[in-house]
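In full-length UniProt numbering, the protein residues as written are 1 to 304.
Every residue, glycine too, gets a C-beta built ideally from N, C-alpha and C.
Notes to accompany the following structure.
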Amino acid sequence: MAKSPKISASHEPGGLIVHISGLLPSLSPAEQRVARLVVADPADAARRTITDLATAAETSEATVIRFCRSVGMDGYPQLRIRLAAEAARRIEPPDARVVGGDIPPGADLAQIIATIAFNDARAVEETAEQLDPAVCEQVVDAIAGAGRIDVYGAGASGFVASDFQQKLHRIGRTAFYFPDVHTALTSAALLGRGDVAVGISHTGTTSDVIEVLEQARGRGATTVALTNFPRSPLTEVADFVLTTAARETTYRSGAMASRLAQLTVVDCLFVGVAARNRARAKKALEATAEAVQSHRVGGGRRRG
Numbered sequence: 001m002a003k004s005p006k007i008s009a010s011h012e013p014g015g016l017i018v019h020i021s022g023l024l025p026s027l028s029p030a031e032q033r034v035a036r037l038v039v040a041d042p043a044d045a046a047r048r049t050i051t052d053l054a055t056a057a058e059t060s061e062a063t064v065i066r067f068c069r070s071v072g073m074d075g076y077p078q079l080r081i082r083l084a085a086e087a088a089r090r091i092e093p094p095d096a097r098v099v100g101g102d103i104p105p106g107a108d109l110a111q112i113i114a115t116i117a118f119n120d121a122r123a124v125e126e127t128a129e130q131l132d133p134a135v136c137e138q139v140v141d142a143i144a145g146a147g148r149i150d151v152y153g154a155g156a157s158g159f160v161a162s163d164f165q166q167k168l169h170r171i172g173r174t175a176f177y178f179p180d181v182h183t184a185l186t187s188a189a190l191l192g193r194g195d196v197a198v199g200i201s202h203t204g205t206t207s208d209v210i211e212v213l214e215q216a217r218g219r220g221a222t223t224v225a226l227t228n229f230p231r232s233p234l235t236e237v238a239d240f241v242l243t244t245a246a247r248e249t250t251y252r253s254g255a256m257a258s259r260l261a262q263l264t265v266v267d268c269l270f271v272g273v274a275a276r277n278r279a280r281a282k283k284a285l286e287a288t289a290e291a292v293q294s295h296r297v298g299g300g301r302r303r304g
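Right, dumping it as structure tokens:
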């Protein structure tokens, strides 16, 4: 099964800044300096000449041109036009002190709350904007028809993997999540054609998740990667790639924003699978809700 195609910069649905942010780890150090300037202030970058941008990034004009090509642009003039359009459509935070997602030293709690709320909301919105419905449809097809689904993740992504497994299990899908890499590897070794393995990693560089997904793919299972970076190593062992658009704030690397963005994708897949057989999903959800009803305060067992 072929890997889902990468989105070119000419038609990335989530916007140029999301596209550049996702490619940032794959760029050279000099190109990354250019990228950070562009991402931080698209309007300012659009006003600069190529010489000005190169000087601000402490690099050469040739590097700026290479950066343009790395992110899918023909050259610097096209980049400036796209950045100006991006700046015009960009949603600004309601609090002027909320800039770039960073929480500066001495920030009061009101600023911290505003920054976190804005960036978490933006992560969900931008993830939804850039999510490819066609690829999601293929993944839903694979999961809906799978004999078994294994979901893998570590750290913060492990919580999302566990959540996805529980959701699928509640609608009658045979799904497993193994937080221990050894158990995950032995499980992946038993997968085969008709099964699905989903690997979740914000960075796409978590070796445990990559190794397990590679094992599953080698056994013939359909593999799905959920990551923030479309050129990360995890995507190399995936048949389908789904991306998030989370930008972490200070103190929260790999934590809240990425997890919320991942949960957005997971919920889309879950509802897509459930919608394939609404009657079966509804019956399973009712049965599982009934099973735990007596464990809720004031929620004695209902009788039909």
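(message) Just to confirm, is the Cβ distance from Leu263 to Val135 under 9 Å?
(response) no
(request) Inspect the CB distances between the segment 104-119 and the segment 70-83 and report whether three or more fall short of 8 Å. (result) no
(request) Reducing DSSP to helix, strand and coil, say where Thr222 ends up. (result) strand
(request) Can you have a look at Thr115 and say buried or exposed, based on whether 16 or more other CB atoms are within 10 angstroms of its CB? (result) Note on Thr115: 16 or more other CB atoms within 10 angstroms of its CB, so buried under the neighbour-count rule.
(request) Please name the residue or residues paired with Tyr177 in a DSSP beta bridge. (result) Paired residues: Val151.
(message) According to DSSP, is Phe164 part of a helix, a strand, or is it coil?
(response) helix
(request) State the DSSP-derived secondary structure class of Phe229, mapped to helix, strand or coil. (result) coil
(request) State buried or exposed for Pro42, treating a residue as buried only when at least 16 other CB atoms are found within 10 Å of its CB. (result) Burial call: buried.
(request) Might you give, ordered along the chain, the residues of its own chain that have their beta carbon closer than 6 Å to the beta carbon of Gly254, omitting 5 neighbours on each side? (result) For Gly254, the predicted structure reports a pLDDT of 48, less than 50, and the residue's modelled location is therefore unreliable. A value from the coordinates is still provided. The residues are Ala156 and His202.
(message) Just to confirm my understanding: we take Thr235, look at its own chain, exclude 5 residues before and 5 after, and list those with CB closer than 6 Å. What are they?
(response) Closer than 6 Å at Cβ, skipping near neighbours: Ala225 and Val241.
(request) Rank Asp52, Ser60, Val297 and Phe270 by C-alpha distance to the C-alpha of Arg170 and give the top, closest one. (result) The option with the nearest alpha carbon to Arg170 is Phe270.
(message) With DSSP as the reference, identify every bridge partner of Val241, one or two as the case may be.
(response) Ala225
(message) If you reduce the DSSP assignment to three classes, tell me which class residue 305 lands in.
(response) Examination of residue 305 is not possible in this model, given that the chain is present from 1 through 304 alone.
(message) Quick check on the DSSP output: what are the complete alpha helix (DSSP H) runs of length 4 or more inside the UniProt domain "HTH rpiR-type" (14-90), in order along the chain?
(response) 16-23, 29-40, 42-47, 50-56, 61-70 and 76-89
(request) Tell me whether Arg280 sits in a helix, a strand or coil according to DSSP, three-state version. (result) helix
(message) If distances are taken between C-alpha atoms only, which option among Val198, Gly199, Arg82 and Glu286 comes closest to Val38?
(response) Arg82
(request) Compare the Cα-Cα distances from Thr127 to each of Thr223, Ser21, Asp141 and Ala189 and report the closest residue. (result) Relative to the Cα of Thr127, the nearest Cα in the group Thr223, Ser21, Asp141 and Ala189 belongs to Ser21.
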